[in-house]
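S.K.: Below is a structure I'd like to ask you about.
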Amino acid sequence: MNWDDMRIFLSVVREESLSGAARALRLDPATVGRRIARLEHDLGAVLFVKSPQGYVATDAGERLLTHASAAETAL
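Numbering-wise (this note's numbering), the sequence shown opens with residue 284 and increments by one.
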């Protein structure tokens, strides 16, 4: 896991979509999707569920959000 993955994760949480996160980060949406999939694979956990309102963090995603937000604040 690296900071770029956390940055992408935080952006998906905030924007509630891969395309919104991609726009905010100036990345291709496919890249954002691949990075989230890789992060989920590396952690062995599903971080988001897709709902009609967009991407919603799972319990595992919420736990990661706590740590990622703290790390972002510390930087």
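Note that beta-carbon positions come from the ideal geometry of N, C-alpha and C, so glycine has one too. Predicted model only: the values in this text are computed from it and were never measured.
Apart from the five residues just before and just after S294, which ones in its own chain have a Cβ nearer than 6 Å to its Cβ?
M.R.: Hits under 6 Å: A304, A307 and L308.
S.K.: So if DSSP puts G337 in a beta bridge, which residue, or which two residues, is it bridged to?
M.R.: Answer by DSSP bridge pairing, in chain order: S334.
S.K.: Looking at the unbroken alpha helix (DSSP H) that takes in S352, where does it start and where does it end?
M.R.: First-last of the alpha helix (DSSP H) with S352: D342 to A357.
S.K.: Return the CA-CA distance between P389 and S300, expressed in angstroms with no decimal places.
M.R.: Only positions 284 to 358 of the chain appear in the structure, and residue 389 is not among them; the question remains open.
S.K.: How many Å lie between E345 and L330 at the Cα?
M.R.: The alpha-carbon atoms of E345 and L330 are separated by roughly 8 Å.
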